Each structure stands twice: as structure tokens, then as C-alpha cells.
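All remarks here apply to the structure that follows.
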Amino acid sequence: MIKTREVAIQTEEAYLNRLGRTLLRYFPIRQVEEILEDYQEHFSLGRERGGTDMDQITALGTPEAVTAAILKEMPEGRSYCLRRTAIWGAVFLFACCCLLMRYTYIGHILFHRVFADLGTCFLMTLGTAAAFMLLRGRELAVVEGRFLQPSLRPGIAAYMLPAGAAAATAAMVQHLLATADSIEIAAVGLLCSAVLDAGSLVTILTAIWGLWRSYGTSIRYFPAAVHAVGALLFIRSMDMVSEVYLEKFISRQLVWEPLAAYCLGFFLALLFWYGIRKMMRRGGRR
Amino acid sequence: MDAQLKKGVLELCLLQCLSGEPQYGYDIIQMMHKYFPEVTESTFYAVLRRLDKEGAAATFRGEVSNGPARKYYQLTGAGRERLRQMKADWAQLQKIVAALGIEK
């Protein structure tokens with residue numbers, strides 16, 4: 001993996017982008033910008049003196065090695081990183097645990113149904129915001145906008161996949177429930193859970209992939225992860241609807257709950273997408 | 001070279017480099033890299049950055065007739081004092097090493 005990364009960095013922009021991303025894990029944005037400016041000057045002077053970008057990149061070492069060297073001279077970066085990670089990591093975990101409880105049997109008992117809708121909205125907003133802070137999304141967007149790498153962004157498939165999975169799951173569950181009278185009720189329940197679990201797996205993997213890419217490649221993958229979480233909650237909310245359905249308690253209201261979860265995910269993804277774009281523009285103007 | 005020993009030596013050499021005319025960070029690093037080829041350029045930048053932060057070195061932006069203003073590095077009074085101290089330590093160390101017969 002490290003090898004492919006080294007091959008990938010061939011230009012000054014790509015190098016500085018990667019360096020900025022790595023440094024932001026340990027230092028505040030102002031310090032990172034100062035360091036990046038130094039390295040920018042290094043590249044421009046090197047070119048004046050007749051060196052190629054590739055020579056300079058080899059002489060400087062990988063961005064990870066540069067960060068390690070700076071951390072050795074300025075060890076306070078480690079505690080800065082730890083403090084930030086601890087605070088936002090705790091908020092993120094809290095939101096994740098609450099959501100998990102809400103969508104499992106314990107959650108059913110703990111949360112009142114009416115409150116649960118608002119609770120989900122709140123927890124989802126809190127969780128995504130904490131994840132964004134944990135990744136240092138704002139600062140990353142500024143740095144990435146300044147050293148723009150147009151190739152580093154998710155394709156439309158990253159959005160289509162969870163949306164497709166959610167739609168397919170909904171259609172299949174709907175179909176299964178419609179035929180519930182003809183098949184044995186327990187079999188329908190089992191089939192429904194299997195379909196829902198498959199849909200959840202697809203969306204959860206997309207969300208993890210999106211978060212991983214936001215951390216390692218570009219913050220522009222973040223909205224895709226948020227959108228996938230919306231799709232995941234859409235599918236999990238359907239689980240409850242189908243359960244209630246099977247108990248012969250049909251209420252129109254319950255159909256809106258999954259849709260509300262997805263819409264919130266979609267809306268949050270849009271918000272993050274717009275925010276990141278704006279921040280990147282701001283970084284690019286400098 | 002031993003990491004602990006190297007740390008001090010690199011600092012001493014960088015201070016010596018800085019003691020002359022104000023220079024670009026790039027030129028200082030290139031010169032150091034010539035003498036210590038096994039040390040990456042980034043290590044020198046990191047030490048330079050620390051010296052700047054500790055007040056031993058100062059930076060200023062100098063205008064060039066054609067092109068952007070660039071960062072120059074220069075030794076401060078505190079830096080000069082530290083260089084003098086380190087040189088004295090170094091000389092004493094050399095004496096001890098010679099007295100113990102470690103040389104050759």
C-alpha cells in the first residue's frame with residue numbers, strides 16, 4: 001500500500017496535498033499552512049536551481065516521513081492530536097452507541113416511539129458532525145482546495161449504490177409483506193430480516209469505505225459516507241415497520257419513518273457537500 | 001550516527017550555517033544535505049522550524065527584483081549565544097575524547 005502511494009505522488013501539488021492532510025492530524029491549521037508555505041518555496045527554488053519535482057520529492061522523503069520528522073522536533077503535536085481525538089471520538093461513539101441501541105431490541109424498550117424520530121435526527125446530526133470534526137473536515141477542505149487534486153473524489157456510484165440498495169430492500173420487503181397471507185408468517189419474517197440484513201451490509205460497508213477514504217484520500221468522500229448512513233437508517237427503520245406489520249398492526253404513519261431517516265441523511269450529505277465545496281474554494285483563492 | 005548525538009550535532013551545524021548572511025531555507029538545507037547525505041532534508045527543515053520557534057533563528061520576507069518575496073533565515077542574539085555555548089561544549093568534548101584516547 002505504501003508503495004503505490006509513493007508512486008502516486010509525482011507532482012508538487014499532489015505532494016503538498018498529501019503533506020497537508022497528514023500534518024493536520026497533529027497541528028492546527030495555521031502551523032500547517034506555515035509549514036506548507038516553506039515546502040512550496042522549497043519546490044519553487046528547487047525548480048529555479050534546475051531540479052525536477054521528482055528529484056525534490058525523492059530528496060524530501062514521503063509526506064509521512066516529513067510529518068514524523070516534524071513531530072520529533074515538536075512533540076506537542078501528539079498531545080494535540082490525542083486531545084482532539086478523545087473529545088470528538090467520545091461524542092462520535094456516544095451517537096453511534098445510541099443509534100445502535102435505538103435500532104435494536106433494547107432501544108425499543110428504552111426509547112418511546114414518538115420521541116425516537118426526533119432522537120434519530122438528533123443523533124444522526126450529532127454523529128456526522130462529530131465524525132467531521134474528528135477528521136478535521138473544515139481544515140482538510142481548505143488544504144485540499146489549495147492543492148486541488150481533481151481525481152480524488154467519489155464517483156456517482158458511491159451515491160447510487162446505497163440508494164439502490166435501500167430502494168431494492170424496500171421493494172423486496174414490500175413484496176414479501178404483500179404476499180404474507182399466502183406464505184407462512186414466520187417464513188416471511190425470516191425472509192424480511194435476511195433482505196434487510198443484506199441491504200444493511202451494503203450500506204454499512206459503503207459508509208465505512210467513505211469514512212476510510214475521507215481519512216486517507218480526500219474529505220470529498222465524506223458526503224458519500226453520510227448519505228450511506230441515511231440509507232442504512234432507512235433500511236433499519238423498515239425492520240421495525242415490518243415487525244409491526246407482522247403483528248397485524250398497520251399504520252400509515254410508520255412508513256414515513258424510514259423515509260424521514262433517508263431524507264435527513266440526504267440533506268446532511270448535501271449540506272456537507274456544499275460546505276466542503278465552499279471551504280475548498282476559500283482555500284483555492286489564497 | 002547515534003540519534004542523540006546527531007540531534008546535537010545537527011543543531012550546532014545549522015546554527016553555524018545561519019551565523020553568516022541571511023539565507024533561504026532551501027540553500028541552508030542543500031548545504032547541510034551535502035555534508036549529511038543520510039539525513040533527509042525534512043529533518044533539517046524540522047530542526048530549522050524548532051530553532052525559529054525557540055527564538056534562536058529569525059525569519060523575514062525579502063523582496064527579490066523578479067519573483068515573489070521569499071523567506072530568509074538569520075541568527076538572532078539568543079541564537080548567537082547558543083552557538084557560542086555549543087561551540088565551547090564541542091571543544092571541551094573533543095578534548096575529553098582526545099584525552100581518553102578514543103581518537104584512533
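Those protein sequence lines, which keep their order, are chains A and B.
Okay, so the first sequence: first residue is 1 according to my numbering, each after it adds one.
Okay, so the second sequence: first residue is 1 according to my numbering, each after it adds one.
Even for Gly, the Cβ is constructed at its ideal location relative to N, Cα and C.
Just so we're clear, the structure is a prediction, and the values are computed from it rather than from any experiment.
(message) Counting beta carbon pairs with one atom in the segment 19-29 of chain B and one in the segment 83-93 of chain A, are three or more of them shorter than 8 Å?
(response) At 8 Å Cβ cutoff, the stretches do not touch.
Inset, instruction - Give, in chain order, every residue of the segment 213-235 of chain A whose Cβ lies closer than 9 Å to some Cβ of chain B. - result: Within the segment 213-235 of chain A, no residue qualifies.
task: Check the DSSP bridge columns for B:Arg70 and list the partner residues they point to.
output: Taking the first residue of the second sequence as 1, we reach residue 70 of chain B at position 70. Note: B:Arg70 sits in a beta bridge opposite B:Gly62.
Mind reading off the beta-carbon distance from B:Tyr72 to B:Thr59? Whole number of angstroms is fine, and I expect it under 8 Å. As a working note, residue 72 of chain B is residue 72 in the second sequence. As a working note, residue 59 of chain B is residue 59 in the second sequence. Between B:Thr59 and B:Tyr72 the Cβ distance is about 7 Å, and since that is below 8 Å, they are a contact.
Query raised in the report: Which of the three DSSP states, helix, strand or coil, is assigned to B:Gln94?
Result: Taking the second sequence and counting its residues from 1, the one referred to as residue 94 of chain B is at position 94. The answer is helix: DSSP assigns B:Gln94 an H, G or I state.
- prompt: What separation, rounded to the nearest whole angstrom, lies between the Cα atoms of B:Met32 and B:Gly8?
  reply: Here residue 32 of chain B is taken as the residue at index 32 of the second sequence, counted from 1. Here residue 8 of chain B is taken as the residue at index 8 of the second sequence, counted from 1. Counting only the Cα atoms, B:Gly8 lies some 14 Å from B:Met32.
Exercise. From the beta carbon of B:Val47, is the nearest beta carbon of chain A less than 9 Å away?
Worked result: Numbered from 1 along the second sequence, position 47 holds the residue referred to as residue 47 of chain B. Closer than 9 Å to some Cβ of chain A, the Cβ of B:Val47 qualifies, so yes.
Going along the chain, which residues of its own chain have a beta-carbon closer than 8 Å to the beta-carbon of B:Ile28, five neighbours each way excluded? The sequence position of residue 28 of chain B within the second sequence is 28, counting from 1. Same-chain partners within the cutoff: Leu14, Cys17, Leu18, Phe44, Leu48, Tyr73.
Task: Where A:Gln149 sits in the DSSP three-state scheme - done: The count along the first sequence starts at 1 and reaches residue 149 of chain A at position 149. The answer is coil: DSSP assigns A:Gln149 none of H, G, I, E or B.
Give the interface partners of A:Leu60 over in chain B, defined as CB-CB distance under 9 Å, in chain order.
-> As a first step, residue 60 of chain A is located in the first sequence; it is residue number 60 there, counting from the start. Those are Thr40, Glu41, Ser42, Tyr45, listed as they occur along chain B.
_I'd like the span of the alpha helix (DSSP H) that includes A:Ile185, first residue to last._
Position 185 of the first sequence, counted from the first residue, corresponds to residue 185 of chain A. Element bounds for A:Ile185: 185-216.
* Asked: What residues from chain A crowd round B:Lys71, counting only those whose CB sits closer than 9 Å?
  -> For this step, residue 71 of chain B is matched to residue 71 along the second sequence. Within chain A, Glu37, Asp38, Glu41 have C-beta atoms less than 9 Å from the C-beta of B:Lys71, given in sequence order.
Please confirm whether A:Ala207 and A:Phe234 have their CB atoms less than 9 Å apart. For the purposes of this step, residue 207 of chain A is taken as residue 207 along the first sequence, with counting starting at 1. For the purposes of this step, residue 234 of chain A is taken as residue 234 along the first sequence, with counting starting at 1. No, Cβ-Cβ distance for A:Ala207 and A:Phe234 is not below 9 Å.
Check each candidate in A:Leu126, A:Glu76, A:Ala68 and name the one with the smallest Cα separation from A:Leu93.
-> Position 93 of the first sequence, counted from the first residue, corresponds to residue 93 of chain A. Taking only the C-alpha atoms, the option nearest A:Leu93 is A:Leu126.
| said: Please list, in chain order, the chain A residues whose beta carbon lies closer than 8 Å to that of B:Gly25. | reply: Position 25 of the second sequence holds residue 25 of chain B. Neighbours of B:Gly25 on chain A, chain order: Asp38, Glu41, His42.
Can you give me, in chain order, the residues of the segment 63-91 of chain A that have a beta carbon less than 8 Å from any beta carbon in chain B? Ala65, Val66, Ala69, Ile70, Lys72, Glu73, Met74
- Query: If you compare alpha carbons, which of A:Val173, A:Phe147, A:Ile185, A:Ser44 is closest to A:Leu196?
  - Reply: For the purposes of this step, residue 196 of chain A is taken as residue 196 along the first sequence, with counting starting at 1. The residue with the shortest Cα to Cα distance from A:Leu196 is A:Val173.
query: Mind checking whether A:Pro75 and A:Arg18 have CB atoms under 9 Å apart?
result: Residue numbering aside, residue 75 of chain A sits at position 75 when the first sequence is read from its first letter. Residue numbering aside, residue 18 of chain A sits at position 18 when the first sequence is read from its first letter. For A:Pro75 and A:Arg18, no; Cβs fall outside 9 Å.
Open item on the list: Among the candidates A:Gly77, A:Gly164, A:Gly145, whose CA atom is the shortest distance from the CA of A:Met279?
Closed with: The sequence position of residue 279 of chain A within the first sequence is 279, counting from 1. Ranking the options by Cα distance to A:Met279, first place goes to A:Gly145.
- Task: Kindly provide the ranges of any alpha helix (DSSP H) runs that are 4 or more residues long and lie completely inside the segment 30-60 of chain A, ordered along the chain.
- Result: 53-60
My output table needs one value for A:Gln174: the three-state DSSP class, helix, strand or coil. Start at 1 with the first residue of the first sequence, and residue 174 of chain A comes out as number 174. Three-state DSSP puts A:Gln174 in a helix.
TODO: Would you give the residue range spanned by the alpha helix (DSSP H) that A:Tyr15 belongs to?
DONE: Within the first sequence, the letter at position 15 stands for residue 15 of chain A. Run containing A:Tyr15: 12-23, per the alpha helix (DSSP H) assignment.
For A:Tyr262, the residue or residues it bridges with in DSSP = The residue given as residue 262 of chain A occupies position 262 in the first sequence. DSSP, once it has assigned bridges, lists no residue as partnering A:Tyr262.
For this session: Could you name the residues of chain B that A:Gly46 contacts, counting a contact when the two beta carbons are closer than 8 Å?
Result: Looking up residue 46 of chain A in the first sequence gives position 46. The contacting residues are Tyr26.
- Output yes or no for whether 9 Å exceeds the beta carbon distance between A:Tyr103 and A:Pro28. Looking up residue 103 of chain A in the first sequence gives position 103. Looking up residue 28 of chain A in the first sequence gives position 28. No. Outside cutoff.
Using the beta-carbon count (16 or more within 10 Å), is A:Ser151 buried or exposed?
As a first step, residue 151 of chain A is located in the first sequence; it is residue number 151 there, counting from the start. Exposed is the call here.
Practice problem: Would you verify that the beta carbon of A:Arg285 is, or is not, closer than 9 Å to some beta carbon of chain B? | Solution: By 1-based counting over the first sequence, the position of residue 285 of chain A is 285. With 9 Å as the cut-off, A:Arg285 does not count as an interface residue toward chain B.
What are the boundary residues of the alpha helix (DSSP H) that A:Leu99 is part of? Mapped onto the first sequence, residue 99 of chain A falls at position 99. Counting along the chain, the alpha helix (DSSP H) containing A:Leu99 begins and ends at 76-102.
- Query: So what's B:Tyr24 in DSSP terms, helix, strand or just coil?
  - Reply: Against the second sequence, residue 24 of chain B aligns to sequence position 24. Of the three classes helix, strand and coil, the one that applies to B:Tyr24 here is strand, per DSSP.
Grouping DSSP H, G and I as helix and E and B as strand, with all else coil, what is B:Ala57? Here residue 57 of chain B corresponds to residue number 57 of the second sequence, with the count starting at 1. The answer is strand: DSSP assigns B:Ala57 an E or B state.
Check your understanding: Is the Cβ-Cβ distance between B:Ala56 and B:Thr76 less than 9 Å?
Key -> Taking the second sequence and counting its residues from 1, the one referred to as residue 56 of chain B is at position 56. Taking the second sequence and counting its residues from 1, the one referred to as residue 76 of chain B is at position 76. Taking 9 Å as the Cβ cut-off, B:Ala56 and B:Thr76 qualify as a contacting pair.
Three-state class that DSSP yields for B:Lys87 in the structure shown: Translated into the one-based positions of the second sequence, residue 87 of chain B becomes position 87. Three-state result, B:Lys87: helix.
What residue from A:Leu24, A:Phe43, A:His227 has the CA that sits closest to A:Phe272's CA? To locate residue 272 of chain A, count along the first sequence from 1; it is residue 272. For the residues A:Leu24, A:Phe43, A:His227, the minimum Cα distance to A:Phe272 belongs to A:His227.
* To do: Have a look at A:Met238, A:Arg236, A:Ala231, A:Arg281 and flag the residue whose alpha-carbon is nearest the alpha-carbon of A:Phe303.
  => Residue numbering for chain A in the displayed model covers 1 to 286; residue 303 of chain A lies beyond these limits and cannot be assessed.
Could you work out which residues of chain A lie near B:Arg61, taking near to mean beta carbons separated by less than 8 Å? Position 61 of the second sequence, counting from 1, holds the residue named residue 61 of chain B. Within chain A, no residue comes near B:Arg61; the closest Cβ sits about 10 Å away, beyond 8 Å.
Inset, instruction - Check the Cβ of B:Arg50 against every Cβ in chain E and list those closer than 7 Å, keeping chain order. - result: Although the question refers to chain E, the structure presented lacks it and instead comprises the protein chains A and B.
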